[in-house]
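Here my numbering = 1-based position in the sequence shown + 1.
Ideal Cβ placement from N, Cα and C applies to all residues, glycine included.
Just so we're clear, the structure is a prediction, and the values are computed from it rather than from any experiment.
Here the structure comes first, spelled out in structure tokens, and everything after it is commentary.
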Amino acid sequence: MSKDETATPAKPVLGLFKDEGDFRDYLENNLDLVEGGLTLLEKEHVLENLEGSGGRVDILAQDALGHIICIEIKRSDASARSALNELSKYITLLVERDRLPPEMIRCVVVSTHWKELRLPLSFFAQSVGVAVTALEAKRDGDRVHLEPVEMLDIRFLKQLSPDMDLIWFDTEEPRQRYVEFLSARAKSLPFVRLAVLLFERRVDADTTLTPYAMMICVWRIKDGLHEKITDVTGQPIGLDLPYAAPGWEPEADAKNWIDDAPFASFPEVGRGWTHGTPEKLSSLIPNYDLQRIERIGDWPKIDLINNDGRILEMAQATSPLVGAGRLSRHTFRVKVSPKYGPSWRAATTSFLEFIAFDTAWVEQAKAFLDQIKEDDSTVELHAFDKKHLVFAIHQACFHDEAMFSFFEIAVRKDDAIVLGICGQYSWDGVTCPTNVEAVIHDIYGGIMHARVAIQSAVDNDRYEKALTLHGFVPVFDWVKDDRISHSSLPTQRYPLQAFVAANPAYSSDVSATLQRVGPLPTGPSS
């Protein structure tokens with residue numbers, strides 16, 4: 002007989018155990034391999050489930066701090082999906098049947114293979130609210146050694162960088178050449194995802210507006226690729242100061258290197274470049290048509306989700322549900338349903354934060370949202386924050402549709418509004434300052450400071466003092482079955498346009514004073 006014929010065949014699990022059950026029995030008798038100080042409660046612990054199939058925990062144990070530990074044993078990548086299903090069932094049944102608080106449950110997964118299991122278990126660990134430990138079983142002679150498996154950091158961070166570039170072109174030809182330049186340059190950083198939004202001035206728009214516009218957007222880059230950015234750009238990340246969006250330095254450095262065009266070849270870029278923001282894009286759209294979006298770099302070959310409409314929505318960032326790194330500070334608009342808990346909570350929390358500059362608004366809006374039931378209704382959350390009343394007065398001198406800050410919540414069923422609330426500011430019909438320059442200095446600190454504050458999309462200061470000086474107070478309207486009921490105060494309501502009509506000399510002086518250092522846009526969308 003040959004040596005091969007007399008050799009004992011290797012056992013299926015680590016060459017030591019005939020099956021998972023045999024491996025489980027070994028760990029049952031050697032719990033210190035899993036963790037020191039564990040107390041065995043039961044092997045193959047049965048969890049009954051009156052709503053369906055029950056569960057059977059491979060090993061149920063308890064640690065020195067009183068946590069109940071479900072030890073699940075797997076021997077192949079093929080069991081990755083079943084492992085998560087079983088762990089979810091164990092946790093639910095322990096909470097429901099044994100009345101355990103979730104934070105006192107731990108899950109330990111012991112597996113001989115981790116190629117397919119590591120990613121879903123990492124997501125599970127960060128989502129489920131219980132402590133999860135991963136251990137890889139390895140053979141050490143005739144014994145078993147359990148090594149910790151490092152869980153992946155599944156961070157669901159915002160995806161679209163708030164650092165965008167907005168570039169203006171007088172003609173279409175250099176813009177197209179610049180797109181081709183970006184595409185060629187980006188090949189050195191193929192893991193970077195860029196979208197180039199190309200706009201053309203509408204035929205009915207103001208002809209003084211530059212005919213062609215381009216917005217360059219960049220998405221988040223995985224942490225493991227940051228060294229490759231340094232290799233290509235030739236400098237460490239974070240040296241390209243100042244940054245418009247702290248925390249997005251890798252994306253900014255990659256984008257800035259890709260669009261670092263030679264001035265001699267593209268003088269138009271040097272003359273027409275500015276930082277892009279969601280606010281600038283939103284003010285651009287009323288006067289421009291989106292021609293197309295050029296996708297450059299790390300895009301799926303077939304993308305059924307990120308169509309042009311979605312990318313444009315992300316770039317405007319008026320909704321917290323689109324994945325933008327910074328919300329628009331002027332406009333908030335989203336449709337949600339209370340029956341979808343995660344998106345409902347994210348949207349309503351963000352909405353209340355958006356209108357937090359007025360505590361009366363927050364109180365009324367929160368009370369209204371709290372009464373909405375979890376049903377098939379669709380809720381529209383819409384708010385606008387002008388923040389600068391004197392700028393709104395300037396605009397209202399030229400356009401009746403000029404707006405000041407407001408919020409709206411509308412509950413729809415079958416496309417009909419069944420319940421709603423809106424908040425706005427109403428003039429008291431009396432108050433008007435006499436000295437424009439003194440008022441602007443009191444609110445902003447001077448005319449130049451006022452201009453900078455008005456034209457800045459990232460100014461964090463609030464200027465509600467202007468409301469008191471001009472006699473504007475918050476008011477509310479409620480809607481039920483298409484009938485509107487007003488708040489009791491004030492009894493008379495006067496909108497922004499009424500203030501301008503009643504105080505034409507003062508309003509004109511506001512506009513003239515603000516424009517001493519140069520013209521300001523008058524369009525209601527600016």
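Between the Cα of S378 and those of I69, A318 and D416, spot the shortest distance and give me the residue it belongs to. The count along the sequence shown starts at 1 and reaches residue 378 at position 377. When only C-alpha atoms are compared, the closest one is D416.
Taking only the alpha-carbon atoms, compute the straight-line gap between E21 and P121 and give it to the nearest angstrom. Locating residue 21 in the sequence shown gives position 20, where the first residue counts as 1. Locating residue 121 in the sequence shown gives position 120, where the first residue counts as 1. Going by the C-alpha atoms only, they are around 21 Å apart.
Is DSSP giving K281 helix, strand or coil here? In the sequence shown, the residue the question calls residue 281 occupies position 280. Secondary structure of K281 (DSSP, three-state): helix.
Using C-beta distances below 6 Å, list every residue in its chain close to A132, excluding the 5 sequence neighbours before and after it, in chain order. Locating residue 132 in the sequence shown gives position 131, where the first residue counts as 1. Once the five neighbours on either side are set aside, the close Cβ partners of A132 are R107.
Based on the DSSP output, what are the partners of M215 in its beta bridges? In the sequence shown, counting from the first residue as 1, residue 215 sits at position 214. Bridge partners of M215: I168 and L199.
Counting along the chain, where does the alpha helix (DSSP H) carrying T234 start and finish? Stepping through the sequence shown from its first residue, residue 234 is reached at position 233. Element bounds for T234: H227 to T234.
Can you have a look at T134 and say buried or exposed, based on whether 16 or more other CB atoms are within 10 angstroms of its CB? As a working mapping, residue 134 is identified with position 133 in the sequence shown. Buried, since its Cβ has 16 or more Cβ neighbours within 10 Å.
Out of curiosity, what's the CA-to-CA distance linking Q63 and Y244? Mapped onto the sequence shown, residue 63 falls at position 62. Mapped onto the sequence shown, residue 244 falls at position 243. Approximately 50 Å, taken between the alpha carbons.
Taking the Cβ atom as the reference point for each residue, do V145 and R119 lie within a distance shorter than 8 Å? Taking the first residue of the sequence shown as position 1, residue 145 is located at position 144. Taking the first residue of the sequence shown as position 1, residue 119 is located at position 118. No; because the gap between Cβ atoms is not below 8 Å, this pair is not in contact.
Among V335, T209 and W362, which residue has its Cα nearest to the Cα of Y289? On the sequence shown, position 288 is the one that residue 289 refers to. It is T209.
Over the uninterrupted beta strand (DSSP E) stretch that includes R586, give me the two end residues. Lying before the first or after the last residue shown, residue 586 is absent from the chain, which here runs from 2 to 527.
Continuous alpha helix (DSSP H) stretch holding P475: start and end: Working through the sequence shown from its first residue, we reach residue 475 at position 474. Careful: P475 lies outside any alpha helix (DSSP H), inside the beta strand (DSSP E) at F473 to K481.
Could you check what DSSP says for S457 in three-state terms: helix, strand or coil? The residue labelled residue 457 in the question sits at position 456 within the sequence shown. Of the three classes helix, strand and coil, the one that applies to S457 here is coil, per DSSP.
DSSP beta-bridge partners for T602? The structure shown does not extend to residue 602, since the chain is modelled only from 2 through 527, so no value can be given for it.
Per-residue DSSP class, three states only, for H442: Numbered from its first residue, the sequence shown carries residue 442 at position 441. H442: helix per DSSP, three-state reduction.
Using a threshold of 8 Å, state whether the C-beta atoms of H395 and S512 are closer than that. Residue numbering aside, residue 395 sits at position 394 when the sequence shown is read from its first letter. Residue numbering aside, residue 512 sits at position 511 when the sequence shown is read from its first letter. Cβ distance < 8 Å, so H395 and S512 count as in contact.
Whole angstroms are fine: how far does the CA of P279 sit from the CA of S329? Indexing the sequence shown from 1 puts residue 329 at position 328. Indexing the sequence shown from 1 puts residue 279 at position 278. Rounded to the nearest angstrom, the two C-alpha atoms are 5 Å apart.
According to DSSP, simplified to helix, strand and coil, what is E6? Here residue 6 corresponds to residue number 5 of the sequence shown, with the count starting at 1. Since pLDDT at E6 reaches only 46, below the 50 mark, its modelled position is unreliable, and no value is offered.
On a CA-only basis, which of P496, R57 and L322 is nearest E73? Give me that one, please. Within the sequence shown, the letter at position 72 stands for residue 73. When only C-alpha atoms are compared, the closest one is R57.
The beta strand (DSSP E) spanning Q425 covers which residue range? Within the sequence shown, the letter at position 424 stands for residue 425. Per DSSP, the unbroken beta strand (DSSP E) holding Q425 starts and ends at A417 to W428.
With 16 other Cβ atoms within 10 Å as the buried cut-off, status of S508: Taking the first residue of the sequence shown as 1, we reach residue 508 at position 507. With 16 or more Cβ atoms within 10 Å of its Cβ, S508 is classed as buried.
Would you list the one or two residues that DSSP bridges to M108? Locating residue 108 in the sequence shown gives position 107, where the first residue counts as 1. The identity of residue 108 in the sequence shown is Cys, whereas the question assumes Met. By DSSP's assignment, C108 forms a beta bridge with C71 and V133.
Please confirm whether A348 and L382 have their CB atoms less than 8 Å apart. Counted from its first residue, the sequence shown places residue 348 at position 347. Counted from its first residue, the sequence shown places residue 382 at position 381. Yes, the Cβ-Cβ distance between A348 and L382 is below 8 Å.
Report the three-state DSSP secondary structure of E49 (helix, strand or coil). Along the sequence shown, read from residue 1 onward, the residue named residue 49 stands at position 48. Reduced to three states, the DSSP call for E49 is coil.
What three-state label does DSSP hand Q317 in the structure shown? As a working mapping, residue 317 is identified with position 316 in the sequence shown. Helix.
Which residues in the same chain as T523 place their Cβ atom closer than 6 Å to its Cβ, once the five residues preceding and following it in sequence are excluded? On the sequence shown, residue 523 is found 522 positions in, with the first residue counted as 1. Answer for T523: Q396 and F399, listed in chain order.
Suppose you measure from the CA of M105 to the CA of G37; what does that come to, to the nearest Å? Locating residue 105 in the sequence shown gives position 104, where the first residue counts as 1. Locating residue 37 in the sequence shown gives position 36, where the first residue counts as 1. Their Cα atoms are separated by approximately 18 Å.
Start and end residues, beta strand (DSSP E) containing A62: Position 61 of the sequence shown, counted from the first residue, corresponds to residue 62. Run containing A62: G56 to Q63, per the beta strand (DSSP E) assignment.
Close-in-space but distant-in-sequence residues of the same chain around L190 (CB under 8 Å, 5 per side omitted): Working through the sequence shown from its first residue, we reach residue 190 at position 189. Excluding residues within five positions, the ones whose Cβ falls inside 8 Å are K229, I230, V233, A255, W258, I259 and G298.
Tell me which same chain residues have a C-beta within less than 6 Å of the C-beta of Y445, skipping the five on either side of it? Here residue 445 refers to the residue found at position 444 when the sequence shown is read from its first residue. Cβ neighbours of Y445 beyond the five flanking positions: A451 and A454.
Chain-order list of residues whose beta-carbon lies under 7 Å from that of T7 (same chain, five-residue window excluded): Indexing the sequence shown from 1 puts residue 7 at position 6. For T7, the predicted structure reports a pLDDT of 48, less than 50, and the residue's modelled location is therefore unreliable. A value from the coordinates is still provided. Closer than 7 Å at Cβ, skipping near neighbours: no residue.
Can you grab the Cα-Cα spacing for the pair I441 / S123, in whole Å? Here residue 441 refers to the residue found at position 440 when the sequence shown is read from its first residue. Here residue 123 refers to the residue found at position 122 when the sequence shown is read from its first residue. One C-alpha to the other measures close to 55 Å.
Classify W169 as buried or exposed, calling it buried when 16 or more other Cβ atoms lie within 10 Å of its own Cβ. Counted from its first residue, the sequence shown places residue 169 at position 168. Looking at its Cβ environment, which holds 16 or more other Cβ atoms inside 10 Å, W169 is buried.
F192 - DSSP class collapsed to helix/strand/coil: Reading the sequence shown from its first residue, position 191 is the one you call residue 192. For F192, the secondary structure class from DSSP, reduced to helix, strand or coil, is coil.
DSSP puts A393 in a beta bridge; with which residues? The residue labelled residue 393 in the question sits at position 392 within the sequence shown. In DSSP, A393 forms no bridge with anything.
Counting only the same chain and skipping the five closest in sequence on each side, list residues whose C-beta sits under 6 Å from that of S338. Within the sequence shown, residue 338 is the residue found at index 337, counting from 1. Excluding positions up to five away in sequence, the list reads T379.
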